[in-house]
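Peer 1:
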Amino acid sequence: MPNKILEKEYLAENVVSMWIEARQIAKKRQPGQFLILRPGERSERIPLTIADVRAKEGAVRLIVQVVGKTTRDLAALEAGEYVRDVAGPLGHPTPIKHYGTVACVGGGIGVAPLLPIARAMKEAGNYVVSIIGARTKGLLILEEDMRAISDELLITTDDGSYVRHGLVTDVLRERLTGKPGIDFAVAIGPVPMMKAVANLTREAGIATIASLNTIMIDGTGMCGGCRVTVGGRVKYTCVDGPEFDAHEVDFDELQRRLNMYRDHELHQLEACKIGLAVR
Amino acid sequence: MAIPRQPMPEQPPEVRRHNFDEVPLGYTEELAIREAQRCLQCKKPACVDGCPVNVAIPQFIEKIVERDFEGALQIILGTNSLPAICGRVCPQETQCEKYCVLAKRGDPVAIGRLERFVADHVRIRLMRGEKAPLPPTAPPPGAPKVAIVGSGPAGLTCAADLLNAGYNVTLFEALHEPGGVLVYGIPEFRLPKAIVKAEIQALVRRGLQIVTNAVIGRLYTIDDLLNEEGYAAVFIGTGAGTPKFLKIPGENLNGVYSANEFLTRVNLMKAYLPDAETPIVRGKRVAVFGAGNTAMDAARTALRIGAEEVYIMYRRSRAEMPARAEEIHHAEEEGVKFEFLVNPVAFYGNERGWLQSVRCERMQLGEPDDSGRRRPVRIAGSEFDTPINVAIVAVGTESNPLIRQTTPDLQVNQWGYIVTDDMGRTSKPRVYAGGDIVTGAATVIEAMGAGKRAARAIISDLQGKG
Ligand SMILES: Cc1cc2nc3c(=O)[nH]c(=O)nc-3n(C[C@H](O)[C@H](O)[C@H](O)COP(=O)(O)OP(=O)(O)OC[C@H]3O[C@@H](n4cnc5c(N)ncnc54)[C@H](O)[C@@H]3O)c2cc1C
Ligand SMILES: Cc1cc2nc3c(=O)[nH]c(=O)nc-3n(C[C@H](O)[C@H](O)[C@H](O)COP(=O)(O)OP(=O)(O)OC[C@H]3O[C@@H](n4cnc5c(N)ncnc54)[C@H](O)[C@@H]3O)c2cc1C
Ligand code: SF4
Ligand code: SF4
Ligand code: FES
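Sequences listed follow chains U and X, in order. Heads up: take any position in the first sequence, counting from 1, add 79, and you land on my numbering. Heads up: take any position in the second sequence, counting from 1, add 84, and you land on my numbering.
This is the structure:
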């Protein structure tokens, strides 16, 4: 049964927020979970984090960055129109508990999946230090939502167009020595960012989880396309994740696999040059 | 003079290796009747014992001889609700046809082809409007509600039998399309999706409710279905859907697929169509590891989406290949090359993470193992490298964790498969299971047999409760 779009607004250029009717998902969903959707009859299946819920209305919020065909088709739908297929909630919920002080580090669109986790951490009694960043001011999303649930909100932009000039990891590095000391960290954003956060917190001995954004198809553990290496073992992001111990994730492999279909045409050309004789 | 086994017309190999149309074209009426006439109408038909659901084989064949195709279909439907599918995909050579008396001295009756003919004949007449479809039916008011989880052959069959018995049946499927392996795994050229759709549509007309995009274990747990949603019983037919990999270096390189992913992209997501939105890596040189039906399907699919060379690499020998005989034969005719007694040890890629070659070692057959098959042992120093740009791993599946993780009181064995009695009853009251999630990867017809037995158990248990 298709799901109705209840509300839609742009948060930044190419970043759209949508409330979608999905009663049972809204009832079941816990922070950290995602869903898989197909905007139309011919579309790919893509994973998106459930950024928020209104349980009474039976609605879930998605925050989507337009990066390719499927996200473009989704963003083109208007309130009152329908999303063809929505399946979820998928993945393990975030292990929410009282850690003490939790650093929530988000980059770019990663702030969207970070928001429900940061909120739940706050509700569990943690002191929440949020560090969010974007390439430039116009791309920074959810600043007010994050401020509302954070004890400290630190902001960076790569180009210095807003607040602090630099990367989220620059701020995190400084904050690691501040007070209160950080007990636990959550990192969600581009792969290089998550890798850099993991490197910092590993040195500092702070347990850290990262939410991985692999390519997925079914989201039910059936295809193995979302596999990642964590601590030397192969895991399926959709059923074993999406969050893993950031200190154990092979981020370089994750980045190469994310490039699979971007690289694809180039690779096609290359493939023709491979020799023809077997053994 | 005895009539020889009637061959099935097929698309020629050099044509079909470039298209996704069905390979065998089916019997004509005349061929079907000629083949049916071969049956000796045995008083104690051994063939029936070879069929996991005991189709009344001589009886339906007799109807074909009488040109009563409708009557033949009714007989088959008495025990098998998906004949167009079974006629195409059953491994007949190890089931019904293996036990046919004619097999002792020559070729068995082509039972599967006849079954397919009967089902197709009636369906085609229906589609042409030459025959009125049965009127839609709905379960009687107040009928007990049963939930079926998973829409593969086990779930569909269990649903069909419960509908027949007047139950109110809802089927929950995780994907956006019902059918299980029949839609995401087995390719169009072997089992056209229109046929699967038609068989499912027939169940919907009889009152089956289907909820797609419903991942049970997450959207609803089994306990939710029983306690909150008001289902009197739940049947779990979720298949053995999690792919195994080889556990060798380089397996996560770009270009290494599980057969499930490769086939899902092509079948479910239609990546073979020019305007499909789901991408797939189209390798020039493709190696498929494994030799079951899944491996044959992957190899033949790779050819059809443009590979120049496709190798099946198998660590045992030809005699041990588990695939249906017809699939191996078709793959060979289409130009798939077979490399026996080779075992992959590592994949190698370029600096951007793309697969470039595989290193294999040669094997020889040693002593028989537990399964009675001779165990392959490596030949020291026999390693060799082969350039490839797509690898498809088809070495089996394991149990999916979703339901097990969220149903703690459901007993599973050491491999995570659900433990049941002969009738599909699990350790949890009112919960039944069958198909690949109980047996591990098996066959369509065995999954259907399990679905039938569970339906019988559900009916008798619910009635027992009054
Ligand atoms: C668990 C999970 C949660 C996610 N949550 C969100 C979310 O809340 N909001 C959001 O905007 N996105 C989220 N993503 C990423 C989102 O799924 C992808 O952006 C989307 O699949 C791209 O589809 P497309 O067809 O528009 O782009 P494509 O045409 O498939 O790709 C366009 C470009 O994006 C890259 N790309 C493809 N897939 C991904 C991916 N999974 N992650 C990053 N880049 C990718 C490609 O390499 C390509 O360069 C999440 C991913 C996962 C796995
Ligand atoms: C490529 C391939 C080719 C094959 N060829 C043949 C052949 O020629 N002949 C033959 O006899 N057999 C063949 N088989 C084997 C046969 O298809 C299986 O044995 C059979 O489909 C098992 O049926 P099932 O009903 O147990 O499960 P499946 O067909 O696997 O269906 C299970 C369904 O449950 C759904 N599901 C899983 N988890 C959940 C959940 N948590 N909630 C809701 N839904 C869920 C899945 O999405 C799926 O649709 C083949 C298998 C493959 C993979
Ligand atoms: S269902 Fe399969 S095994 Fe049984 S008679 Fe038909 S083809 Fe043979
Ligand atoms: S065993 Fe062969 S000949 Fe005898 S009834 Fe069955 S199909 Fe006919
Ligand atoms: S997306 Fe297919 S197994 Fe995770």
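Glycine is no exception: its CB is placed at the ideal position from the N, C-alpha and C atoms. Bear in mind that the values here come from a model prediction, so they are computed numbers and not experimental data.
#1: Which residue or residues does DSSP assign as beta-bridge partners of Ile-294 (chain X)?
#2: What's the call for Arg-488 (chain X), buried or exposed, on a 16-neighbour Cβ count within 10 Å?
#3: Give me the Cα-Cα distance between Asp-245 (chain X) and Ile-208 (chain X), rounded to the nearest whole angstrom.
#4: Does the count of Cβ pairs from the stretch 144-164 of chain U and the stretch 89-108 of chain U closer than 8 Å reach three?
#5: Out of curiosity, what's the CA-to-CA distance linking Glu-98 (chain X) and His-414 (chain X)?
#6: Which residues mark the beginning and the end of the beta strand (DSSP E) in which Gly-167 (chain U) is found?
#7: Which residues have a Cβ closer than 7 Å to any heavy atom of ligand 6, listed in chain order?
#8: Identify the residues that DSSP records as bridge partners of Gln-448 (chain X): which are they?
#9: Taking the C-alpha atoms as reference points, what is the distance between Gly-339 (chain X) and Val-365 (chain X)?
#10: Could you tell me which uninterrupted alpha helix (DSSP H) segments, each at least 4 residues in length, are contained entirely in the stretch 186-248 of chain X, listed from first to last along the chain?
#11: My assumption, with CB atoms under 8 Å, is that Gly-519 (chain X) sits in contact with Pro-262 (chain X). Please give the rounded CB distance.
#12: List in chain order: all unbroken alpha helix (DSSP H) runs of 4+ residues lying wholly within the stretch 121-149 of chain X.
#13: Against chain X, with Cβ distances strictly below 8 Å, would Glu-92 (chain U) count as a contact?
#14: With DSSP as the reference, label Val-267 (chain X) as helix, strand or coil.
#15: Can you look up Met-405 (chain X) in the DSSP assignment and give me helix, strand or coil?
#16: Pull out every residue of the stretch 159-181 of chain U whose Cβ sits closer than 8 Å to any Cβ of chain X, in chain order.
#17: Taking the alpha carbon of Ser-235 (chain X) as the point to measure from, which residue in X:Val-299, X:Ala-386, X:Gly-196 has its own alpha carbon closest?
#18: Report all residues from its chain with a CB closer than 8 Å to the CB of Pro-129 (chain X); omit the five preceding and five following residues, and keep chain order.
#19: In chain order, which continuous runs of the beta strand (DSSP E) of length 3 or greater are located wholly inside the stretch 244-324 of chain U?
#20: Along chain U, which residues have their Cβ under 8 Å away from the Cβ of Ala-238 (chain X)?
#21: Within the 8 Å Cβ cut-off, does Met-447 (chain X) reach chain U?
#22: Is Gln-144 (chain U) near ligand 1, going by C-beta to nearest heavy atom under 7 Å?
#23: Less than 7 Å separating the Cβ of Cys-529 (chain X) from some heavy atom of ligand 3?
#24: Would a check of beta-carbon distances place Met-397 (chain X) closer than 8 Å to chain U?
#25: Taking 7 Å as the cut-off, does the CB of Ile-159 (chain X) come closer than this to any heavy atom belonging to ligand 2?
#26: What are the partner residues of Phe-424 (chain X), as DSSP defines its beta bridges?
#27: Using DSSP with H/G/I as helix, E/B as strand and the rest coil, what is Leu-156 (chain U)?
#28: If we cut at 8 Å on Cβ distances, does Thr-254 (chain X) have a partner in chain U?
#29: Please name the residue or residues paired with Phe-468 (chain X) in a DSSP beta bridge.
#30: Using a C-beta to C-beta distance shorter than 9 Å, which residues of chain U count as neighbours of Ala-329 (chain X)?
#31: If contact means a Cβ-Cβ distance below 9 Å, which residues of the stretch 400-423 of chain X contact chain U?
#32: Shorter than 8 Å from the beta carbon of Ile-104 (chain U) to some beta carbon of chain X?
#33: Taking Cβ-Cβ distances shorter than 7 Å, what residues in chain X pair up with Arg-121 (chain U)?
#34: For the alpha helix (DSSP H) containing Val-180 (chain X), name the first residue and the last one.
#35: Hey, would you say Ala-525 (chain X) sits closer than 8 Å to Val-372 (chain X), going by beta carbons?
#36: Could you tell me if Leu-357 (chain X) is buried or exposed, where buried requires 16 or more neighbouring beta carbons within 10 angstroms of its beta carbon?
Peer 2: Quick answer:
#1: Answer by DSSP bridge pairing, in chain order: X:Leu-255.
#2: It is buried - the Cβ of Arg-488 (chain X) has at least 16 other Cβ atoms within 10 Å.
#3: 24 Å
#4: Contact holds: three or more Cβ-Cβ distances are below 8 Å.
#5: 11 Å
#6: 164-169
#7: What this structure holds is ligand 1, ligand 2, ligand 3, ligand 4 and ligand 5, not ligand 6.
#8: X:Val-461
#9: 7 Å
#10: 195-211, 237-248
#11: That pair is no contact at about 14 Å.
#12: 130-134, 141-149
#13: no
#14: helix
#15: coil
#16: Arg-163, Asp-164, Val-165, Ala-166, Gly-167, Pro-168, Leu-169
#17: X:Val-299
#18: Ile-141, Pro-142
#19: Taking only runs of at least 3 residues, the beta strand (DSSP E) segments lying wholly in the stretch 244-324 of chain U are 263-267, 286-290, 306-309, 312-315, 322-324.
#20: The premise fails here: Ala-238 (chain X) is roughly 16 Å from chain U at the closest Cβ pair, so nothing lies under 8 Å.
#21: Answer no: the Cβ-Cβ gap between Met-447 (chain X) and chain U never drops below 8 Å.
#22: yes
#23: Per the sequence shown, residue 529 (chain X) should be read as Ile rather than Cys. The answer is yes for Ile-529 (chain X).
#24: no
#25: no
#26: Within the DSSP bridge table, the entry for Phe-424 (chain X) names no partner.
#27: coil
#28: no
#29: X:Cys-444
#30: Before going on, a small fix: residue 329 (chain X) reads as Phe here, not Ala. Going along chain U in sequence order, the residues near Phe-329 (chain X) (Cβ under 9 Å) are Gly-303, Arg-306, Val-313.
#31: Hits within the stretch, in order: Lys-421, Glu-423.
#32: yes
#33: Glu-361, listed in chain order.
#34: In the sequence under discussion, the amino acid at residue 180 (chain X) is Cys, which differs from the Val named in the question. The continuous alpha helix (DSSP H) containing Cys-180 (chain X) extends over residues 180-183.
#35: Not a contact, by the Cβ cut-off of 8 Å.
#36: exposed
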